[in-house]
Structure formats: structure tokens, C-alpha cells
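Same order as they appear, the protein sequences are chains A and B.
Using the working numbering, you'd call the opening residue of the first sequence number 603 and step up by one each time.
Using the working numbering, you'd call the opening residue of the second sequence number 9 and step up by one each time.
Data block below; observations after.
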Amino acid sequence: MKKVQFKSKYIPYLFVFPQMAIILIFFIWPSAMAFYYSFVLEDAFGISSRFVWFQNYQDTIFNNDYYSSIIFTFVFSALVTLFSLSVGLLLAYKTNNIIKAKGLYRTLLMWPYAIAPAIAGLMATFFFSESHGALYDFLNSLGWKFDPKSDPFDAQVMLVFVASWKQISVDFIFFLSGLQGIPKSIMEASLIDCKSAVKRFWTIVFPLLAPTTFFLLITNITYSFFDTFGLIDTTTRGTPMGETRTLAYKIYQDGFLGADIGGSSAQSVILLLFVLIITIFQFKYLEKRIHY
Amino acid sequence: MVIIAILMFLVPVWVIFASSTHTPETILNQGLQFLTGDNFLHTYSSIFFDHTGYTKNVTAARMLLNSLILAVGFATGKVIISSMAAYAIVYFRFKMANFLFWIIFLTLLLPIQVRIVPSFEVLAHLNLLNSYTGLIVPLIASATGTFFFRQFYKSVPEELLEAAKMDGANSWQFFIDILVPISKTMMAALFIVMFIVGWNQYLWPIMMTTKPEYNTILLGIKEIYQSNFEGSYLPEFNRAFAMIIVALIVPVSMVIIFQRWFIKGLVDSEK
Numbered sequence: 603m604k605k606v607q608f609k610s611k612y613i614p615y616l617f618v619f620p621q622m623a624i625i626l627i628f629f630i631w632p633s634a635m636a637f638y639y640s641f642v643l644e645d646a647f648g649i650s651s652r653f654v655w656f657q658n659y660q661d662t663i664f665n666n667d668y669y670s671s672i673i674f675t676f677v678f679s680a681l682v683t684l685f686s687l688s689v690g691l692l693l694a695y696k697t698n699n700i701i702k703a704k705g706l707y708r709t710l711l712m713w714p715y716a717i718a719p720a721i722a723g724l725m726a727t728f729f730f731s732e733s734h735g736a737l738y739d740f741l742n743s744l745g746w747k748f749d750p751k752s753d754p755f756d757a758q759v760m761l762v763f764v765a766s767w768k769q770i771s772v773d774f775i776f777f778l779s780g781l782q783g784i785p786k787s788i789m790e791a792s793l794i795d796c797k798s799a800v801k802r803f804w805t806i807v808f809p810l811l812a813p814t815t816f817f818l819l820i821t822n823i824t825y826s827f828f829d830t831f832g833l834i835d836t837t838t839r840g841t842p843m844g845e846t847r848t849l850a851y852k853i854y855q856d857g858f859l860g861a862d863i864g865g866s867s868a869q870s871v872i873l874l875l876f877v878l879i880i881t882i883f884q885f886k887y888l889e890k891r892i893h894y
Numbered sequence: 009m010v011i012i013a014i015l016m017f018l019v020p021v022w023v024i025f026a027s028s029t030h031t032p033e034t035i036l037n038q039g040l041q042f043l044t045g046d047n048f049l050h051t052y053s054s055i056f057f058d059h060t061g062y063t064k065n066v067t068a069a070r071m072l073l074n075s076l077i078l079a080v081g082f083a084t085g086k087v088i089i090s091s092m093a094a095y096a097i098v099y100f101r102f103k104m105a106n107f108l109f110w111i112i113f114l115t116l117l118l119p120i121q122v123r124i125v126p127s128f129e130v131l132a133h134l135n136l137l138n139s140y141t142g143l144i145v146p147l148i149a150s151a152t153g154t155f156f157f158r159q160f161y162k163s164v165p166e167e168l169l170e171a172a173k174m175d176g177a178n179s180w181q182f183f184i185d186i187l188v189p190i191s192k193t194m195m196a197a198l199f200i201v202m203f204i205v206g207w208n209q210y211l212w213p214i215m216m217t218t219k220p221e222y223n224t225i226l227l228g229i230k231e232i233y234q235s236n237f238e239g240s241y242l243p244e245f246n247r248a249f250a251m252i253i254v255a256l257i258v259p260v261s262m263v264i265i266f267q268r269w270f271i272k273g274l275v276d277s278e279k
């Protein structure tokens, strides 16, 4: 905070008021409702409801669908994060070493940021469709009986592929600007001291990128958890049998399509706690240790 | 290696574009096309001016306008509201500052996808379904922009405020006459990023808009696509593809044209 500040009893509240009003109405209110619903069971017609303590939580936790959704979400997030981070880093490193027309390469790798996950999903449905899909034909010509419509594993592979494809540009942009932030003198000194390019990368460049990598780790996890919603909704919608539902997608399906408000709300609360833990972890622990 | 990656992004979009210029029969019989056909004008004029949707009363032009309203409204709202809130938190000494900061922080934890049902109910209560207000305002309730400005304000030299105080400026004058002008670049940067985020919103517009007049372009594509796969008549893939291209052009050109601001807006929100 600033050393010199304004002192006023009322004026600061005027400045935060618009944001606070919006948060109160459109965030706190619905979140509080979700919290309340998570302890309530409504009858089939939505007429009466009664307080059931933790029954919704029990029903959620002791449910195989929920487990498979948790496992899918975690594996999916880990793979998407791993693939898009490593490809993004590699591309940024290569691009940073290009001397001619660097700006052009940057533009050509950066623009996919603007592709909405839902658009990526719609495009993917065509490329992976059995009737016209080039990628579908290609994978089947390799001898893999690829069929995302009925094989859960194939559907998961497709989602990981498309989700990573869409996220590479974000990681690329951050890594490239991280690389450009490394002082030239360090790069030059490392060039003299260390002949092996691979070793130079891992011992000098990569550690200097640690804060960027860490930040991106969190960004990618949040992306896989929440922003892939549009992708899933335009491709598999959780099919074949719910194997491709992330936790966020399951909350939507159970709550909005399945009309199980209590269970869906309980899942929201659990997910909130989980994200809270990640965030605290990010702020308190790792961020301090990683700074060079 | 870099070239392969570039192609990996360009080729799919190119194929979609090339296919969009063919007739639906060609696509149905021969699959996706790598070369452009001669149906370009027909397809694109039909999506812009013919009415589609369940009720057949929306054109892609209207949906583009809705997307534009959503993106501009969202980005503008975000810039104004979060620059003000960050100003209060950084430049004022007041009791609730910390508490309010944590409230804002809390919004990061529960994205709209996970509180969608109660959010929908709140909007229904307030009679805001099928309105631009209902489409835009709830999406603004997140912390990213506030953090972005907070970080920037903290980097503004202390002397600026001291000097302004010496000249007798009050808090409002300092904000409007000094802080806003020096943060113009930052505002533009955040605007560009938020424009794209707003344009690419998917779930909230689906939930919010039951009337096709409020559909955004993304929903339009989804609708055509659904009638393609579920409908009985000849699938109009060319139209779906053309809509995809149209929906992509706006945010992609924003990224390319405003590249510097865009990168700044994206990367600076990290710190």
C-alpha cells in the first residue's frame, strides 16, 4: 500500500461501491444460495423442501459417478497442463532464438488465443467425426479403431488433444515474454560458460523461468477445470457414459439438466473448497519459494 | 518445428474456411475441403441476411451485434469498475480496505460455471433474463481486473500523489486528472483482453438468453450445428463453417491488430 494516502471516511466506499454491489448481487447471493441448497432436499416438484444436513454431501461423496469425474478431471488437467506447457515452452524458446521476422512468428503462434473453447470444440467435432473427419480417418488408417462416440478412452484422448491445442498459445505468450525478460548479459555469459544448448536450457534458462512456469501451472489447471466447459459441451457432453465429465461440467449437468439442485450445490461447495486450497497453496507456500 | 506448430493452428481453420465456400452437397459427399470452392458469396450472404434459429427470426448479423454488445459492455464495465475499486484499495486508508480486498479475491474461487443454477435464479428474480444487463453485468463480478489495476497503481511513484496533494487536488481530481490519463495504456490493454474473454463467453449466454434476439454468434453456431446433426433435411455444414469463421474473425483480428496491448494486458495481470 501507498505511504501517502487519502484519508476519508466515505469517499473510498463510493469508489468500491459499483464492484461491491455487483459482487453482492451476482456473486455472494447466488453462492449463498448454493450453500443453502447444499443442505436441502427438494421434492420432485420443487414445492416443498427440507433441511437434510449433510445428506447431499454424503450422496455426492459416496457415488461412483463422482469418483470417476474426480479422476477424469485430475488426469485431464494434468495431461492438458503438461502438454500445453511443454509445447508452449518449446515454441517460445525456439521463437526467441529466431533472429529474422520474430514478430511474424510470434503473431502466428499467438492468435489461437482468440479461439473460444466452444469454437475449438465445434471444429473438433468435424475433424473427429466419422462421416467427414480427416483426423478420424487418419487415426483409423493407423490401425487404431478410433471412435470417440462410443469408446470413452478415445473421447478422453480427443478432449485432451483439443484442450491442449487451444491452450498452447497462452503458455507460448507467457513463456516468450518471460524469456525476453531475461537479461541479455546472462544469456551471453551462459553461452560462453556452457557449450551444450540442452544443458544451458535446463540449468540457466529454465530456473529463471520458474515464476512464469508456476503461474502458468495454476492458470492451466484453472483452465482445464473451468474453461474447458465450452469444449466439452460442444463435443462429448460427457458421453459415452459420463466418462468425459469434468467436475464443473457435472455440476452443470446434475443441477441444470438433472434438476438435482441439492447434489449439484454440494458439489459446488466441495469444488470451491478445493480451489481455495490450491489458491492458498499458491499464495502462501510455493510463490515464496520459487522466486529467484 | 515452429513451422509445424504454426501449421497445426492454421490448417484446421483454413480447412473450415475452404469448406465453407463449398455447397452442402459437396461437403456431405466428399468431406472437408482443402481448396476453396465457388459458393463463397452465396453462403456468406445467406448467413448474414437469412433468418435462422428455431423461430427463424435472427440473422448472423444480429448475433454478431449481440456478441459485440456483450464484448464491449463487458470489457468497458470491467475497466471502469475495477479501476475504481483498485483506486479505493490502493490510495485510501480506510477500515474495510482489507476485508473488501478479500471479498473481491473470493470471486476468483467460484467461476460462473459452478454457480450457474443459483445465478440463473437470481437473474430470474430480478427479471433480467433476456436482457443485455443480465447478459453482461453478472460476468463483471470477478477480481482479475481489480488485481490488474491494483498492481499498476502500486507501481505509480509516490511523488505523484504528494505533488497533487500539494497543489490541492482532491481524491476525485487526482483520479480523473492524473491517474486515469497515466493508466490509459493499461486500460486499453485490459480492454483488449476482456473484449476477447467477453466475446468467447459460452455458458452464460446459453443460460440467459431464451429469446433468439439475444443470441450471440457462438450460440448461433451451436444451433445450426445441432440442427445439422439432429435435423432430417440436408445438413448445412457450409453455413455452420461460415459462422465459425465469422465468429473467429473479430477476436483474432483484435489480437493481431492490438498485439502489443494484448500481450501487456495478458502478461501484466500475472504479477
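Ideal Cβ placement from N, Cα and C applies to all residues, glycine included.
Which listed residue (the options) has its alpha carbon closest to that of residue i
i, options, result
"Ala248/B", "Ile124/B, Glu231/B and Met262/B", "Glu231/B"
"Phe676/A", "Ser610/A, Ile701/A, Pro750/A and Ile823/A", "Ile823/A"
"Lys751/A", "Phe728/A, Lys768/A and Ser771/A", "Phe728/A"
"Gln621/A", "Phe57/B, Glu244/B and Val87/B", "Val87/B"
"Ile24/B", "Ile11/B, Ala13/B, Gly45/B and Leu198/B", "Gly45/B"
"Leu134/B", "Phe628/A, Thr709/A and Tyr612/A", "Phe628/A"
"Leu147/B", "Ile12/B, Leu116/B, Ser163/B and Asp276/B", "Leu116/B"
"Pro719/A", "Leu711/A, Leu761/A and Gly783/A", "Leu761/A"
"Leu143/B", "Val10/B, Val201/B and Phe82/B", "Phe82/B"
"Gln657/A", "Trp767/A, Leu873/A and Gln869/A", "Gln869/A"
"His30/B", "Val254/B, Asn246/B, Arg268/B and Gln267/B", "Asn246/B"
"Pro259/B", "Phe203/B, Val98/B and Ser139/B", "Phe203/B"
"Ile5/B", "Glu732/A, Tyr854/A and Gly860/A", "Because chain B here runs from 9 to 279, residue 5/B falls outside it and cannot be looked at."
"Val274/B", "Lys886/A, Ser771/A, Gly832/A and Lys786/A", "One detail in the question is off: residue 274/B reads as Leu in this sequence, not Val. With distances taken between Cα atoms, Leu274/B lies closest to Ser771/A."
"Pro126/B", "Ile879/A, Lys886/A, Gly864/A and Thr881/A", "Gly864/A"
"Lys768/A", "His50/B, Arg70/B and Asn208/B", "Asn208/B"
Within chain A, the residues that residue i reaches when beta carbons sit closer than 9 angstroms
i, result
"Pro213/B", "Within 9 angstroms Cβ-Cβ: nothing; Pro213/B doesn't reach chain A, min ~10 angstroms."
"Met92/B", "Leu616, Phe617, Val618, Phe619, Pro620 and Gln621"
"Glu129/B", "Pro632 and Met635"
"Pro165/B", "Those do not exist, as Pro165/B stays about 10 angstroms from chain A at its closest Cβ, beyond 9 angstroms."
Amino acids of chain A, ordered along the chain, whose beta-carbon sits closer than 8 angstroms to that of residue i
i, result
"Asp43/B", "Per the sequence presented here, residue 43/B reads as Leu, with Asp not at that position. In chain order: nothing, as chain A lies at least about 14 angstroms away."
"Ala196/B", "Within 8 angstroms Cβ-Cβ: nothing; Ala196/B doesn't reach chain A, min ~17 angstroms."
"Val275/B", "Ile775, Phe776 and Ser779"
"Ala79/B", "Chain A residues near Ala79/B: none, gap ~11 angstroms exceeds 8 angstroms."
Neighbour list for residue i in chain B, Cβ cutoff strictly below 9 angstroms
i, result
"Gly864/A", "What Gly864/A touches in chain B: nothing, since even the nearest Cβ is about 11 angstroms away."
Within chain A, partners of residue i - CB distance below 7 angstroms
i, result
"Arg123/B", "Pro632, Ser633, Ala636 and Ser870"
"Asn208/B", "Ala718"
"Arg101/B", "Gln607 and Lys609"
Beta carbon of residue i nearer than 8 angstroms to that of residue j
i, j, result
"Ile717/A", "Tyr707/A", "no"
"Ser90/B", "Phe48/B", "no"
"Phe803/A", "Met92/B", "no"
"Phe183/B", "Ser610/A", "no"
"Phe160/B", "Ser191/B", "yes"
"Leu710/A", "Leu693/A", "no"
"Thr84/B", "Ile112/B", "no"
"Leu778/A", "Thr697/A", "yes"
"Ser75/B", "Thr224/B", "yes"
"Thr846/A", "Ile834/A", "yes"
"Ala726/A", "Val764/A", "yes"
"Ser911/A", "Asp829/A", "Here chain A has residues from 603 to 894 only, and residue 911/A is not among them."
"Ile214/B", "Ser28/B", "no"
"Glu244/B", "Pro20/B", "no"
"Ser640/A", "Thr848/A", "no"
"Ile624/A", "Val10/B", "no"
"Trp631/A", "Val122/B", "no"
Neighbouring residues, chain B, relative to residue i (Cβ below 8 angstroms)
i, result
"Lys696/A", "Met9 and Val10"
"Leu744/A", "Those within 8 angstroms of Leu744/A in chain B number zero; the least Cβ separation is about 18 angstroms."
"Thr662/A", "By Cβ distance, chain B contributes nothing, its closest Cβ being about 14 angstroms from Thr662/A, past 8 angstroms."
"Met896/A", "The requested residue 896/A does not occur in the structure, where chain A is confined to residues 603 to 894."
"Tyr659/A", "What Tyr659/A touches in chain B: nothing, since even the nearest Cβ is about 16 angstroms away."
Identified DSSP bridge partners for residue i
i, result
"Lys609/A", "Arg101/B"
"Glu644/A", "Ser651/A"
CB contact check: residue i to chain E, cutoff 8 angstroms
i, result
"Val807/A", "Judged by its chain identifiers, the structure shown contains no chain E, and its protein chains are A and B."
Contacts that residue i makes with chain B (C-beta to C-beta distance below 7 angstroms)
i, result
"Pro714/A", "Phe17"
"Thr815/A", "Within 7 angstroms Cβ-Cβ: nothing; Thr815/A doesn't reach chain B, min ~12 angstroms."
"Thr709/A", "Ile264 and Gln267"
"Val877/A", "Leu117"
Residue i beta carbon near the ligand NAD (any heavy atom closer than 7 angstroms)
i, result
"Gln657/A", "The ligand NAD is not among the ligands present in this structure, which contains no ligands whatsoever."
- Query: What are the residues of the segment 764-787 of chain A that lie near chain B, defined by any Cβ-Cβ distance shorter than 9 angstroms?
  - Reply: Trp767, Ile770, Ser771, Val772, Phe774, Ile775, Phe776, Leu778, Ser779 and Gly780
- Using a Cβ-Cβ cut-off of less than 9 angstroms, give me the residues of the segment 838-859 of chain A that come near chain B, in sequence order. Leu849, Ala850, Tyr851, Ile853, Tyr854, Gly857 and Phe858
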